[in-house]
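Notes follow the structure.
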Amino acid sequence: MDSDGFAAAMARVDVIAYTPTEFFEEKDVTIGRCRDLVEKYAVTWVNVVGLDDRTAGELETLFGAHPLALDDARNQAMAPKVDVYDDIVFIIARAITWTEEIDTDPLSLFVAKKFLITVHEQGFAQLEDVRIRLRKKNPKMVKSGTDFLAYTILDAIVDSYFPQLDRFQSILDQLEEDIIEQPSGQGISRLHSLRSDLVRLRSALRPQREMFAVLGRLEIPVFRNETRTYLRDVQEHTISALDTLDANRETVASLMEVQATLASNQMNEVIKVLTVIFTITLPIAIVSSAFGMNVTFYGFNRPEGFYVALALMAVPTVLLSVWMHRKGWL
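Counting from 1, position 128 in the sequence shown corresponds to residue 130 in our numbering; the numbering is continuous, with no gaps.
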């Protein structure tokens, strides 16, 4: 990826084309080959991984993809959105990914009457799930158009949020146990990290709610009324995912308060113990300091003077200990 956030990988192009009675799939094909299939099949799905300049130019020339949309498709930082360019609907959605840390990756869709183009950088298991359904000739999918294929892909993306959010919740549950057991441990730094993850996720996914709202009310020939109804259902799932993120954020905030309270209580206990120790040993310190002075006290140069000094140390110490015990401080 370059300094502007644009991908710079060599493109890989795969294609699936089908009608209600025919199915065709080919890997590592040219854009020209994909264009030929559009003329033969009812639906052609072109999947581009790592969009480069040459492939972008071919998509613009052969499929009519708008150059602004192609630029957006290569920008890995783009937020979810919907744009309409003549007879092509351009959509950006974001999927939750989790390798070393949780994040989101964009998936761009160019939806026309007879073809659908998906563009992405990272591998999307959700797309393979859709391919499997097509290979099995799912009746609803093979009888529907590109709009239903686009819905199926977007639905798979949103449905994949929930296992990741469940995993996030499991981490929070474990962290809660760790904080209660050891409030002064590494819990606070981990909580700050999780809060940052939640803020980043919500910022990335929040525009997707509006994106689905736009798709649900978009009146263009590419999307039929039936498909728009399905898309509104995906919007509800997106809202549910955002609600889960909000709930997790509140959980993190609560855990931070609990951690701060427990750590404060633990510190108070330490201070309490130190105060008790200081108070109990104070008579010993005073008497021993007095005897350490370079002054002769009457009677203390006699043999029993040592025992008198011990008594002066022991009696106040015992009395203070008994008093603190009755107060519940020991």
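Think of the CB as a built atom: it goes at the ideal place given N, C-alpha and C, for glycine as much as any other residue.
### Task
From the DSSP output, in three-state form, read off Arg-96 for me.
Taking the sequence shown and counting its residues from 1, the one referred to as residue 96 is at position 94. Three-state result, Arg-96: strand.
### Message
On a Cα-Cα basis, can you pick out the residue from Leu-156, Ile-134, Asp-73, Ile-173 that is closest to Gln-237?
### Response
By one-based count along the sequence shown, residue 237 stands at place 235. Per the Cα distances, Leu-156.
### Query
Are at least three pairs of beta-carbons, each pair with one atom in the stretch 244 to 259 and one in the stretch 159 to 174, less than 8 Å apart?
yes
### Message
Comparing C-alpha positions only, which one of Ala-255, Thr-281, Thr-277, Met-213 sits nearest to Ser-110?
### Response
Your numbering for residue 110 matches position 108 in the sequence shown. It is Met-213 whose Cα lies nearest to the Cα of Ser-110.
### Query
In the DSSP assignment, what are the bridge partners of Trp-47?
On the sequence shown, residue 47 is found 45 positions in, with the first residue counted as 1. Its beta-bridge partners are Ile-18, Leu-118.
### Query
Using the rule of at least 16 other Cβ atoms within 10 Å of the residue's Cβ for burial, across every protein chain shown, is Leu-70 buried or exposed?
Position 68 of the sequence shown, counted from the start, is the residue given in the question as residue 70. Classification for Leu-70: exposed.
### Task
Helix, strand or coil for Val-324, going by three-state DSSP, please let me know.
In the sequence shown, the residue the question calls residue 324 occupies position 322. The answer is helix: DSSP assigns Val-324 an H, G or I state.
### Query
Is the distance from the Cβ of Asp-73 to the Cβ of Met-12 below 7 Å?
On the sequence shown, residue 73 is found 71 positions in, with the first residue counted as 1. On the sequence shown, residue 12 is found 10 positions in, with the first residue counted as 1. If you check the CB distance, Asp-73 and Met-12 do not come in under 7 Å.
### Message
Quick check on this structure: which residue in Pro-22, Asp-235, Pro-318, Met-258 has the alpha carbon closest to the alpha carbon of Val-160?
### Response
As a position in the sequence shown, residue 160 is number 158, starting the count at 1. When each option's Cα is compared against that of Val-160, the closest is Asp-235.
### Message
Please tell me whether, using a cut-off of 6 Å, the distance from the CB of Leu-64 to the nearest non-hydrogen atom of the ligand ADP is below it.
### Response
Among the components modelled here there is no ligand, and therefore nothing to report on the ligand ADP.
### Task
Compare the C-alpha of Ile-119 against each of Ala-313, Pro-285, Thr-46 and name the closest.
Locating residue 119 in the sequence shown gives position 117, counting from the first residue. If we check each option's Cα against that of Ile-119, Thr-46 comes out closest.
### Query
Helix, strand or coil for Val-224 per DSSP?
Looking up residue 224 in the sequence shown gives position 222. Val-224: coil per DSSP, three-state reduction.
### Asp-107: first and last residue of the uninterrupted beta strand (DSSP E) it sits in
Along the sequence shown, read from residue 1 onward, the residue named residue 107 stands at position 105. Its beta strand (DSSP E) spans residues 104 to 113.
### Range of the contiguous beta strand (DSSP E) that encloses Lys-83
Along the sequence shown, read from residue 1 onward, the residue named residue 83 stands at position 81. 83 to 87 is the extent of the beta strand (DSSP E) around Lys-83.
#### Entry: Same chain, Cβ closer than 6 Å to Thr-148, five either side skipped, listed in chain order
Residue 148 sits at position 146 when you count from the first residue of the sequence shown. Taken in chain order, the residues that qualify are Val-45, Val-113, Leu-118.
### Query
Using 7 Å as the limit for Cβ to Cβ distance, is Asp-248 near chain B?
The chain inventory of the structure shown lacks chain B, comprising one protein chain alone.
### Query
Would the beta-carbon of Met-269 fall within 7 Å of that of Leu-193?
Within the sequence shown, residue 269 is the residue found at index 267, counting from 1. Within the sequence shown, residue 193 is the residue found at index 191, counting from 1. Not a contact, by the Cβ cut-off of 7 Å.
### Query
What did DSSP end up calling Ile-250 once you bin it into helix, strand or coil?
Along the sequence shown, read from residue 1 onward, the residue named residue 250 stands at position 248. The displayed chain sequence assigns Asn, not Ile, to residue 250. Note: Asn-250 maps to helix in three-state DSSP.
### Query
Are the beta-carbon atoms belonging to Lys-116 and Val-17 less than 7 Å from one another?
Translated into the one-based positions of the sequence shown, residue 116 becomes position 114. Translated into the one-based positions of the sequence shown, residue 17 becomes position 15. Cβ atoms of Lys-116 and Val-17: not closer than 7 Å.
### Task
List in chain order: all unbroken beta strand (DSSP E) runs of 3+ residues lying wholly within the stretch 144 to 214.
none
### Task
Could you work out which residue in Thr-277, Lys-42, Asp-85, Leu-196 is closest to Ser-256 when comparing CA atoms only?
Walking along the sequence shown from the start, residue 256 turns up at place 254. Closest option to Ser-256, Cα to Cα, is Leu-196.
### Query
When burial is assigned at 16 or more other CB atoms within 10 Å of the CB, is Ser-146 buried or exposed?
The residue you call residue 146 lines up with position 144 of the sequence shown. By the 10 Å Cβ count, Ser-146 comes out buried.
#### Entry: Simplified DSSP state of Asp-4, which is helix, strand or coil
As a first step, residue 4 is located in the sequence shown; it is residue number 2 there, counting from the start. For Asp-4, the pLDDT reaches just 46, beneath the cut-off of 50, and the residue's location in the model is therefore unreliable, leaving the point undetermined.
### Query
Which of the three DSSP states, helix, strand or coil, is assigned to Phe-26?
Within the sequence shown, the letter at position 24 stands for residue 26. In the structure shown, Phe-26 falls within a strand segment according to DSSP collapsed to helix, strand and coil.
### Message
I need the DSSP call for Tyr-31, collapsed to helix, strand or coil.
### Response
As a first step, residue 31 must be located in the sequence shown, where it is residue number 29. The question names Tyr, yet the displayed sequence has Val at residue 31. Residue state, collapsed to three classes: coil.
### Task
Determine the contact status of Thr-229 and Phe-150, defining contact as a CB-CB distance below 7 Å.
The residue you call residue 229 lines up with position 227 of the sequence shown. The residue you call residue 150 lines up with position 148 of the sequence shown. Yes, these two residues count as a Cβ contact at 7 Å.
### Query
With 16 as the cutoff for other CB atoms within 10 Å, does Ala-206 come out buried or exposed?
Sequence index remark: in the sequence shown, residue 206 carries index 204 (1-based). Buried: at least 16 other Cβ atoms inside 10 Å.
### Query
Beta-carbon separation of Ile-98 and Tyr-163 under 7 Å?
On the sequence shown, position 96 is the one that residue 98 refers to. On the sequence shown, position 161 is the one that residue 163 refers to. Yes; because the gap between Cβ atoms is below 7 Å, this pair is in contact.
### Query
Over what stretch of residues does the alpha helix (DSSP H) that includes Ala-127 continue unbroken?
As a first step, residue 127 must be located in the sequence shown, where it is residue number 125. Its alpha helix (DSSP H) spans residues 127 to 137.
### Coil, strand or helix - Ala-13 by DSSP
The sequence position of residue 13 within the sequence shown is 11, counting from 1. If DSSP states are grouped into helix, strand and coil, Ala-13 belongs with coil.
### Query
From Gln-124, Ile-93, Ile-134, pick the residue whose C-alpha is nearest to that of Pro-209; which is it?
The residue you call residue 209 lines up with position 207 of the sequence shown. Answer by Cα proximity: Ile-93.
### Euclidean distance between Cα positions of Ser-242 and Phe-26
Here residue 242 refers to the residue found at position 240 when the sequence shown is read from its first residue. Here residue 26 refers to the residue found at position 24 when the sequence shown is read from its first residue. Distance between the alpha carbons of Ser-242 and Phe-26 is about 36 Å.
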